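Its first residue numbered -16, the sequence shown is counted upward by one per residue in the numbering used here. All C-beta atoms in this analysis are idealised placements derived from N, C-alpha and C, irrespective of residue type, glycine included. Fair warning: this is a prediction, and the values are worked out from it, not measured in the lab.
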Amino acid sequence: MLVAGNWKMFKGPEEADAFCRSLREAELPADVDVVVCPPYVSLPSAVQVLAGTEVGVFAQNCHWDAEGAFTGEISAPMLLELGVYGTIVGHSERRQLFGDTDETVARRACAALDAGLHVIACVGETEAERDAGETEAVLRRQVSVLEHDDNLVVAYEPVWAIGTGRTATPEMAQEAHEIVKSVLDVPLLYGGSVKPDNARELLAQPAVDGALVGGASLDLSSFEAICRAGSLS
Ligand code: PEP
């Protein structure tokens, strides 16, 4: 079971430092792998404060080249130099707002894995795609560009459920996860408005191996509660 908190563009270095100090003292369940994904500028604080703990620090994105003329991008070797353990790639906000495609997501994932980072690759359909009955085709297309790797985890995040307060029902999550797993057999997280009060039911689904949590990961008590909900589910 893995619970990852995607902080998005929240918590600068000072706030990250304070949050991670509290997280270090929290009683996290031993059977849940816990990850935080701060913004780039807060990665050094998080890595430093969480050093020697079981909590992993991931970035939110990673370029496919090691270096080059790519203004605003960060590479896998740079993340490794900081002591970062892994990275998210292909979050729907990157796909929708910053032009990531299945191809660039695959390149990012592949480069990060080759460099030795762990990867959480995000997939998921939009509301229009679900309404048009295209969920399965979209998931198959998005997942088929990824290659199996022991350090790869996929996150199923229906776009209509991210930051909206609308959550896939546990049955919808299970159904989508079965589709993803039929294409690529890797651990699979559910993401999309996971909160302390819905986490247990979602995480209890047999094909759900964890959660990628946005908004609710910014508050320590709700993040802890979701981590606890993952314990023994
Ligand atoms: C996310 O950003 O990956 C996410 C799932 O956000 P939220 O939990 O806020 O819907």
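Under the criterion of a Cβ to heavy atom distance below 7 Å, does residue i qualify as lining the ligand PEP?
i: S176; result: yes
i: K(-9); result: yes
i: H74; result: yes
i: I103; result: no
i: G197; result: yes
i: E140; result: yes
i: A245; result: With the chain covering -16 to 216 only, the question about residue 245 has no answer from this structure.
With 16 as the cutoff for other CB atoms within 10 Å, does residue i come out buried or exposed?
i: L215; result: exposed
i: D16; result: buried
i: G148; result: exposed
i: A34; result: exposed
i: D202; result: exposed
i: G174; result: buried
i: R78; result: buried
i: F53; result: exposed
i: A120; result: exposed
i: F41; result: buried
i: S127; result: exposed
i: T70; result: buried
i: F2; result: buried
i: E8; result: exposed
i: L96; result: buried
Alpha carbon to alpha carbon, how far is residue j from residue i? Give it in angstroms, no decimals.
i: H131; j: V169; result: 7 Å
i: L195; j: F(-7); result: 16 Å
i: L100; j: L63; result: 7 Å
i: A156; j: L(-15); result: 16 Å
i: V191; j: P(-4); result: 32 Å
i: P60; j: A13; result: 30 Å
i: L171; j: P189; result: 11 Å
i: T109; j: A138; result: 15 Å
i: I145; j: G51; result: 32 Å
i: G197; j: N134; result: 22 Å
i: G(-12); j: V18; result: 6 Å
i: W143; j: I162; result: 18 Å
i: R113; j: T152; result: 14 Å
i: Y68; j: A49; result: 16 Å
i: I57; j: A111; result: 32 Å
Going by C-alpha to C-alpha distance, which of the options sits closest to residue i?
i: G55; options: V24, V38 and A156; result: V24
i: A98; options: R123, C45, T150 and A182; result: C45
i: E86; options: L122, A(-1), S5 and G73; result: G73
i: C20; options: P12, D0 and E10; result: D0
i: T36; options: A190, P22, L11 and G197; result: L11
i: A208; options: D180, P189 and G198; result: D180
i: E158; options: G107, Q43, A49 and S200; result: G107
i: A182; options: V32, H160, F206 and L129; result: F206
i: L129; options: G146, S200 and T84; result: T84
i: C105; options: E117, R113 and A92; result: A92
i: L185; options: K164, H160 and A9; result: H160
i: A89; options: R124, E112 and R7; result: R124
i: L122; options: E154, V166, A151 and A115; result: V166
i: V32; options: W47, I57, E(-2) and Q43; result: E(-2)
i: E154; options: G193, L65, R4 and A187; result: A187
i: S176; options: K(-9), L65, S204 and E140; result: E140
i: S75; options: G66, L65 and Q43; result: Q43
i: W(-10); options: L65, T150, G116 and A199; result: A199
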